[in-house]
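*Asks:* My questions will all concern the structure given below.
Protein chains in written order, with the working numbering: chain A, 9 to 144; chain B, 216 to 334.
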């Protein structure tokens, strides 16, 4: 099930048919992703990737790559606004970025040895618990 | 030292494609007592260099459909401007609660989501 099929337009030189439906669907997916990025400070890939796979019929690896190319400029805009409000600690951000990159490399390497399915369930419980802790 | 351990763990989760960034904010807030807005700002800033490297890699592997990027980025940039401005007008305790609600929903989604067949 997908709302709109854009593959004909995306994979060719044909311009996008700016139908009412296309504008609303693409616009809404974009705005929701941007709002989550700006309001909560997290990527937004958690929303954007499933939206591209299920609503726009994209393959997983295309959705993954394309979502990053959208979230990168989005995060830059959000960062500027947080910086304008003095809400960024650059020294800590640098430490996170360096150790995070090393971790990302390790994670990608470990991927084939880790039972992601079970870990995902554990991770979900962990997220819900952290969320409840933040609400109360 | 704790900050490096948090960064490393979140990086590993990101590398495993399990959205480590989502847990970075609560880790900074709960474990390091960093204010909510600053934790979110750190998360955004730290994301940029990692994402830039990843985008270059994906471009080389032709995993990016630039037309789709263009059309979705228009809304996303507008949303980011509105969302970030909004976040900076909300006080920290409320923003923390909003984040918490989102995290619970994401946790439930993560728990029930099926792993994708394709890598």
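Ideal placement from N, C-alpha and C gives every residue a C-beta, glycine not left out.
(1) Taking beta-carbon pairs under 8 Å, can you tell me which members of the segment 127–139 of chain A lie near chain B?
(2) For a cutoff of 8 Å on Cβ pairs, would you count residue 65 of chain A as touching chain B?
(3) Okay, do the segment 277–287 of chain B and the segment 61–77 of chain A touch, 3+ Cβ pairs below 8 Å being the bar?
(4) Got a sec, what are the start and stop residues for the alpha helix (DSSP H) residue 316 of chain B sits in?
(5) Just the Cα atoms here: how many angstroms apart are residue 137 of chain A and residue 83 of chain A?
(6) From the beta carbon of residue 307 of chain B, is the nearest beta carbon of chain A less than 8 Å away?
(7) Verify whether the separation of the beta carbon atoms of residue 101 of chain A and residue 257 of chain B is less than 8 Å.
(8) Can you tell me which of A:132, A:108, A:119 and A:142 puts its alpha carbon nearest to the alpha carbon of residue 220 of chain B?
(9) If distances are taken between C-alpha atoms only, which option among B:293, B:228, B:246 and B:218 comes closest to residue 45 of chain A?
(10) Determine the DSSP secondary structure at residue 276 of chain B, reduced to helix, strand or coil.
(11) In or out: residue 122 of chain A buried (at least 16 other Cβ within 10 Å) or exposed?
(12) Please confirm whether residue 275 of chain B has its beta-carbon closer than 8 Å to some beta-carbon of chain A.
(13) Show which residues of chain B have a CB atom less than 9 Å away from the CB atom of residue 74 of chain A.
(14) Taking the alpha helix (DSSP H) that residue 94 of chain A belongs to, which residues open and close that run?
(15) Have a look at residue 302 of chain B and residue 40 of chain A and give me their C-alpha separation to the nearest angstrom.
(16) If you check the beta carbons only, do residue 197 of chain B and residue 238 of chain B fall under 8 Å apart?
(17) So, with DSSP's three-state summary, where would you put residue 247 of chain B?
(18) Taking the Cβ atom as the reference point for each residue, do residue 337 of chain B and residue 307 of chain B lie within a distance shorter than 8 Å?
(19) For a contact meaning CB atoms closer than 8 Å, what does residue 113 of chain A contact in chain B?
(20) Out of A:125, A:87, A:29 and A:130, point me to the one whose CA is closest to residue 254 of chain B's CA.
(21) Leaving out the 5 sequence neighbours to the left and right, which residues in its chain are closer than 7 Å to residue 332 of chain B when beta-carbon positions are compared?
(22) What separation, rounded to the nearest whole angstrom, lies between the Cα atoms of residue 34 of chain A and residue 43 of chain A?
(23) Report, in whole angstroms, the separation of the C-beta atoms of residue 229 of chain B and residue 52 of chain A, which I expect to be a contact under 8 Å.
(24) Measure the CB-CB distance between residue 218 of chain B and residue 103 of chain A and report whether it falls below 8 Å.
(25) Within the continuous alpha helix (DSSP H) that includes residue 237 of chain B, where are the two ends?
(26) Can you give the beta carbon distance from residue 236 of chain B to residue 37 of chain A, rounded, assuming they're within the 8 Å contact cut?
(27) Rounded to the nearest angstrom, how far is the Cβ of residue 119 of chain A from that of residue 231 of chain B, given a contact under 8 Å?
*Replies:* Let's see:
(1) 127, 128, 129, 131, 132, 133, 134, 135, 136, 137, 138 and 139
(2) The C-beta of residue 65 of chain A comes no closer than 8 Å to any C-beta of chain B.
(3) yes
(4) 307–327
(5) 26 Å
(6) no
(7) Yes, these two residues count as a Cβ contact at 8 Å.
(8) A:108
(9) B:293
(10) coil
(11) exposed
(12) no
(13) Neighbours of residue 74 of chain A on chain B, chain order: 273, 278, 279, 280, 281, 283, 284 and 287.
(14) Residue 94 of chain A -> no alpha helix (DSSP H), and no H or E assigned at all.
(15) 14 Å
(16) Residue numbering for chain B in the displayed model covers 216 to 334; residue 197 of chain B lies beyond these limits and cannot be assessed.
(17) helix
(18) Residue 337 of chain B lies beyond the stretch modelled for chain B, which goes from 216 to 334, so this question has no answer here.
(19) 226 and 230
(20) A:87
(21) With a pLDDT of 48 at residue 332 of chain B, under the threshold of 50, the modelled position of that residue is not reliable, and no figure is offered here.
(22) 14 Å
(23) Actually they are not in contact, since the Cβ atoms of residue 229 of chain B and residue 52 of chain A sit about 14 Å apart, beyond 8 Å.
(24) yes
(25) Secondary structure note for residue 237 of chain B: its alpha helix (DSSP H) is the uninterrupted segment 235–241.
(26) Contact flag wrong, Cβ pair sits at about 19 Å.
(27) 6 Å
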